[in-house]
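Notes for the one structure printed next.
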Amino acid sequence: MDNNMPILIYLRRYTSYFLVLVFMTTAHPVYSASYVPQSDQSIVASWTVPEPAEQPKVFIAQLISDASKPGLASRYYGRASALLKPLLLAAPNDLELQFYSATVLQHYHEFDQAQQLLSEILQLQPDHVAAWLMKANIHMVQGDLVAAKRACLQVLGQGSLLLSTACVLEVNAEQGQVAHSYQQLQRVVNMAGNIPREQHVWLKQILADLAHRQQLPEQAIQHLSDFPLAQAPVSYLALWADIHLEQQQGNIVLDKLGPIVLGSDSFDDALLLRLALAEQAGNLASNLDKKVWQQRLSQRIKIRLQRNDTAHAADIARYYLDIAPDAIKALHWAKINWQQAKLGPDKRILKRAMAAQATLKISTQA
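Residue numbers for the sequence shown follow our numbering, beginning at -15 and rising by one.
Here you go:
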């Protein structure tokens, strides 16, 4: 695998605010268009059915790539995981299969196993840019910013100046250097010339996030305006929605994001949450018919609770902070999320939940 030819994979970073990326190579698009019945009456359910490639590894790479799109993560990562198991049994030392396995493991929050696989890959292939980037992102999510920056600099050692610089600047921003990282990354992107579309989407999302954190909403939205929302990954859409929600523009979120989510194979928790927040902001609580997204989110949260689904702890915590206020449950899930992810948004969720719990104690003692 030529790991210096990137196709961008967006991996949910547990808070769903930020981008986690790895780069991998696929040779060809390997999915087909959905079957479209002649009559609406014959439609029971619809979903995109990927068409298996002649080479299983190419098919797995495409599944992982497409899993970043709305409504596809659960099914596509599950299918990729199932396909990987027999292939790894037959070829346990295949570095490409190991890398795809690490990608699936990190999606399911199996960070230690993912890091172990990545270390094994890098022992045998130290110039594997994708593996270094994934290591950097896992370290960053877990709050080990020193190790994250060290991994970013290894990318520079393999000649990927743009990727390494962006990686380092994102870590620097987590260390508090948001304004400086934003200025530096803008300069780097402007000097880079023609950037492959997949990398450009990633860079624009980082820039939008850094602008958003500096309370520069116009600049943040401008960074996200170069690509059609209908073709954007979930993390991109969630960030776009957050920016508009903070500007009290819930109607825009409902009008533009709603149709995208309705047209997807299934509903992503992160997008359901933002649509519910947009709906709630519209002061429609008195009319049950106008609480469609809030009801859908409540149903999803009920399922997550029944499964004790810690992978969505941040979304559950926010649900109990903002949609169905419950300070005790919010803090419970915020703590679970903090055990998994220690980025800025995770810290803010935890602080909000702790404040809600403190307010509850004061009110009960009064």
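From the three backbone atoms N, C-alpha and C, an ideal C-beta is built for every residue, glycine too.
In the DSSP assignment, the alpha helix (DSSP H) including residue i goes from what residue to what residue?
i	result
ALA192	181 to 197
PRO309	Careful: PRO309 lies outside any alpha helix (DSSP H) and carries neither H nor E.
ALA149	A small fix is needed here, since residue 149 is Thr in this sequence, not Ala. First-last of the alpha helix (DSSP H) with THR149: 145 to 158.
GLY62	57 to 74
ALA204	201 to 207
SER165	162 to 176
GLY234	234 to 246
ASP226	218 to 230
GLN138	129 to 141
LEU385	As shown, the chain starts at -15 and ends at 350. That puts residue 385 outside it, with no answer to give.
Taking the alpha carbon of residue i as the reference point, which residue from the options has its own alpha carbon closest?
i	options	result
ALA115	GLN126, LEU101, ALA74, GLY127	LEU101
LYS313	ARG302, ALA75, TYR61	ARG302
LEU255	GLN82, ALA318, LEU56	LEU56
ALA260	LYS69, LEU229, ARG288, LEU106	LEU229
GLN126	GLU158, SER103, LEU140	GLU158
GLU80	PRO40, GLN97, ALA214, LEU213	PRO40
ALA45	PRO54, ALA86, GLN215, ASP330	ALA86
ALA225	ASP210, PRO201, LEU246	PRO201
ASP249	TRP322, SER52, VAL42	SER52
LEU169	ILE179, ASN178, LEU194	LEU194
ALA214	ASN235, LEU246, LYS188	LEU246
SER219	LYS335, LEU47, GLN189	GLN189
TYR60	HIS196, ASP210, LEU72, LEU47	LEU47
ILE333	THR343, TRP317, ILE122	TRP317
ILE287	ARG258, ASP253, GLN264, ILE320	ASP253
ALA222	ARG336, ILE285, PRO54, SER144	PRO54
ALA98	ALA75, PRO212, ILE122, ASP78	ILE122
GLY62	ALA75, TYR92, VAL162	TYR92
ARG171	ASP210, ILE320, LEU187	LEU187
MET338	ALA311, ASP330, LEU327	ALA311
GLN167	SER144, GLN264, LEU191	LEU191
ALA265	GLN324, LYS331, GLN232, ASN77	GLN232
LEU117	GLN142, LYS331, GLY160	GLN142
ILE179	LEU145, ASN156, HIS164	LEU145
ASP293	PRO217, SER58, ALA342, PHE43	SER58
ALA262	PRO212, ALA74, ASN321, LEU238	LEU238
VAL113	ASP128, ASP78, LEU147	LEU147
LYS326	LEU257, ASP128, GLN90	ASP128
THR343	PRO329, LEU315, LYS331, ASP330	LEU315
ASN235	PHE251, ASN77, ARG258, ALA216	ARG258
Every unbroken alpha helix (DSSP H) inside the segment 78 to 118 [4 residues or more]:
Listed in chain order, the complete alpha helix (DSSP H) runs (minimum 4 residues) inside the segment 78 to 118 are 79 to 91, 95 to 108.
Practice prompt. Taking 8 Å as the threshold, find out whether the segment 240 to 251 comes into contact with the segment 200 to 207 through three or more Cβ pairs.
Written response: Contact fails between the segment 240 to 251 and the segment 200 to 207, because fewer than three Cβ pairs, one in each stretch, are under 8 Å apart.
>> Under 8 Å, with one C-beta from each stretch per pair, do the segment 304 to 316 and the segment 276 to 283 reach the 3-pair mark?
In response: The segment 304 to 316 and the segment 276 to 283 touch, with no fewer than 3 CB-CB distances between them shorter than 8 Å.
Quiz prompt | Unbroken stretches of the alpha helix (DSSP H), 4 residues or longer, contained in the segment 266 to 344 | solution = The alpha helix (DSSP H) runs of length 4 or more contained entirely in the segment 266 to 344 are, from start to end of the chain, 276 to 290, 297 to 302, 311 to 324.
#### Entry: Sufficient close CB pairs (3 or more, under 8 Å) joining the segment 55 to 75 to the segment 96 to 111
The answer is no - the segment 96 to 111 does not touch the segment 55 to 75, with fewer than three Cβ pairs under 8 Å.
Does the structure place the segment 131 to 139 close enough to the segment 151 to 165 that three or more beta carbon pairs sit under 8 Å?
Judged by Cβ distances under 8 Å, the segment 151 to 165 makes contact with the segment 131 to 139, as three or more pairs qualify.
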